[in-house]
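Colleague: Using the working numbering, read the sequence shown as starting at 3 and increasing by one per residue.
Ideal Cβ placement from N, Cα and C applies to all residues, glycine included.
Just so it is clear, the structure is predicted and the values come from calculations on it, not from any experiment.
What follows is a structure written as C-alpha cells; I'll ask about it next.
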Amino acid sequence: MAKKKPKNYTVMLVPDDNTRPLSFHVGGFIVRAAAFFVIVFVAGLGVLLFRAGDIGVRLQLVSSLREENARLKEDNRKLLAVAKKLHAMERMSAYLRRLATAVGEGEAGAAGGSAGAAAKEDIFAEDSFDNFLQEVRVGESDEFRDLGEADATPELLLGSMPNIRPVKGWITKTFMPEGKGGMPAHTGVDFAAPEGTLIHASAPGTVDDVINDKYFGLLVHVKHHFGFETRYGHCSQILVSPGDVVERGQAIALVGNTGHSSGPHLHYEVIHNGKHEDPMKYILQQTAHP
Numbered sequence: 003m004a005k006k007k008p009k010n011y012t013v014m015l016v017p018d019d020n021t022r023p024l025s026f027h028v029g030g031f032i033v034r035a036a037a038f039f040v041i042v043f044v045a046g047l048g049v050l051l052f053r054a055g056d057i058g059v060r061l062q063l064v065s066s067l068r069e070e071n072a073r074l075k076e077d078n079r080k081l082l083a084v085a086k087k088l089h090a091m092e093r094m095s096a097y098l099r100r101l102a103t104a105v106g107e108g109e110a111g112a113a114g115g116s117a118g119a120a121a122k123e124d125i126f127a128e129d130s131f132d133n134f135l136q137e138v139r140v141g142e143s144d145e146f147r148d149l150g151e152a153d154a155t156p157e158l159l160l161g162s163m164p165n166i167r168p169v170k171g172w173i174t175k176t177f178m179p180e181g182k183g184g185m186p187a188h189t190g191v192d193f194a195a196p197e198g199t200l201i202h203a204s205a206p207g208t209v210d211d212v213i214n215d216k217y218f219g220l221l222v223h224v225k226h227h228f229g230f231e232t233r234y235g236h237c238s239q240i241l242v243s244p245g246d247v248v249e250r251g252q253a254i255a256l257v258g259n260t261g262h263s264s265g266p267h268l269h270y271e272v273i274h275n276g277k278h279e280d281p282m283k284y285i286l287q288q289t290a291h292p
C-alpha cells in the first residue's frame, strides 16, 4: 500500500483592486502545531483567569480581615477610653466626698451659735474654712496637677470650676442678669465683709489683668481652664500681678471700698465662654446669709 502523502494547505490573500492575489502554502504539520498552541494558549488563559479569581477571593478575604482587625482595634480603644472614664469618675467621686465632708464641717461650724449670731457670721467658721481650702488643695495636688487641658476629664472640669466662696462674708446682692423692677442688671454677687478681709481665688488659673476700674475700683481678672473667668472688684489692695499662676483658695486681694461702692464688700463675677453666669450655681456650698 502506498504511503499517504501529507496534506498541505494554501492560504490566498485576494486584494480588492483585482491585482494578483498572494498565496501561501502551509504544511499540515504547521497547521496542527498552530492549532495545538492555540488550544494550549486558551487553556492557559482559562487557568490564569481561574487563578485570578481565586486570588481575588483571597484578596477580598485579606481586606475583610484587615477591616475586622481595624474594628477590633477601635473597640479596644473605646474600651480603654471607658475604663479611663470610669477611673476618672472614681477619682472624681473621692474628690467630691472630700469636698462634701469639708462643706459639712463648715455648715456644722456655722450652725453652732445662736440664730442672731449665725445671721452675722459667714457660713464657714475660721477653722472649718481653712480646712475646706486645704481639702481642695489636697485634691488638686493629688489628682489634677499632672493633667493637661487636652485630658478633658470630668474631674479636671470640676477642678477648673470656680466652686468655692471667694471670701468669708454674707451676700448683700445676688446675680440679676436682666435686672428687676427697673433696676440695672447685676452681673455678679456682692459679699459684705470687713475691709481688709482676704479674697481667695475660687479656682486655679492665671491672673489675666489687674486694673483700677471707674465702677468696680481695684479689680483682679483671673482666667481658668475650659473658658471660665472670674473677676473680683472693689478691692482695697491687690496681692497678685498679671501672669501670676494662682491656686484655688490662694489669697489674691483684700476687701475694700474702691470704685462706686457704698461700703466694704467684694463684687464677684463668673464668666463662662464670654457670658456672665450666676456664681452661686458653681459654689458647692449654696447657703447664704440674708
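With 16 as the cutoff for other CB atoms within 10 Å, does residue 70 come out buried or exposed?
Modeller: It is exposed - the Cβ of residue 70 has fewer than 16 other Cβ atoms within 10 Å.
Colleague: Using beta-carbon positions only, say whether residue 197 and residue 238 come within less than 8 Å of one another.
Modeller: For residue 197 and residue 238, yes; Cβs fall inside 8 Å.
Colleague: For residue 223, which residues in the same chain have their Cβ closer than 6 Å to its Cβ, ignoring the five residues on either side in sequence?
Modeller: Cβ neighbours of residue 223 beyond the five flanking positions: 210, 211, 233.
Colleague: Going residue by residue through the region 249–273, where are the continuous beta strand (DSSP E) segments of at least 3 residues, counting only ones entirely within it?
Modeller: Listed in chain order, the complete beta strand (DSSP E) runs (minimum 3 residues) inside the region 249–273 are 253–257.
Colleague: Using three-state DSSP, classify residue 105 as helix, strand or coil.
Modeller: Model confidence at residue 105 stands at a pLDDT of 47, short of 50, so the residue's coordinates are unreliable and nothing is read from them.
Colleague: According to DSSP, is residue 238 helix, strand or coil?
Modeller: It is a strand residue.
Colleague: Mind reading off the beta-carbon distance from residue 262 to residue 190? Whole number of angstroms is fine, and I expect it under 8 Å.
Modeller: Not a contact, Cβ separation roughly 14 Å.
Colleague: Ends of the beta strand (DSSP E) at residue 213?
Modeller: From DSSP, the beta strand (DSSP E) with residue 213 extends over 207–215.
Colleague: So what does DSSP say about residue 173, is it helix, strand or coil?
Modeller: Here residue 173 sits in strand by DSSP.
Colleague: Comparing C-alpha positions only, which one of 245, 218, 31, 257 sits nearest to residue 226?
Modeller: Here the closest residue by C-alpha is 245.
Colleague: Quick check on residue 280: does DSSP put it in helix, strand or coil?
Modeller: Of the three classes helix, strand and coil, the one that applies to residue 280 here is coil, per DSSP.
Colleague: Is the beta carbon of residue 257 closer than 8 Å to that of residue 305?
Modeller: Lying before the first or after the last residue shown, residue 305 is absent from the chain, which here runs from 3 to 292.
Colleague: Leaving aside the five residues before and after residue 24 along the sequence, list all residues of the same chain whose C-beta is less than 6 Å from its C-beta, in chain order.
Modeller: If we look at residue 24 and ignore the five residues flanking it on each side, its Cβ neighbours are 15.
Colleague: Below 8 Å between beta carbons: does that hold for residue 266 and residue 177?
Modeller: Not in contact: residue 266 and residue 177 (Cβ atoms no closer than 8 Å).
Colleague: What residue from 66, 20, 251 has the CA that sits closest to residue 165's CA?
Modeller: The shortest C-alpha separation from residue 165 is found at 251.
Colleague: In this structure, does DSSP put residue 160 in helix, strand or coil?
Modeller: Three-state DSSP puts residue 160 in a helix.
Colleague: Could you give the residue range of the beta strand (DSSP E) that holds residue 194?
Modeller: Where residue 194 is concerned, the enclosing beta strand (DSSP E) stretches over 191–194.
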